[in-house]
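In my numbering, the protein residues as written are 1367 to 1421.
Quick reminder that beta carbons are idealized off the backbone N, C-alpha and C, glycines included.
Data block below; observations after.
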């Protein structure tokens, strides 16, 4: 995920990111201050996370 992580960090503040199957690590309560989790839809393999870049 190294190359993908670098591209994700290039996104501008206010951008939205949709992740399927796997959430961004770690959640804000554990130190991730760049992304705000807006909602989660679905369950198991059909789960989707919507994030907004805030920093």
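When you compare the CB positions of residue i and residue j, do they come within less than 8 Å of one another, or not?
i	j	result
residue 1379	residue 1407	no
residue 1388	residue 1416	no
residue 1374	residue 1414	no
residue 1376	residue 1402	no
Might you give, ordered along the chain, the residues of its own chain that have their beta carbon closer than 7 Å to the beta carbon of residue i, omitting 5 neighbours on each side?
i	result
residue 1399	1421
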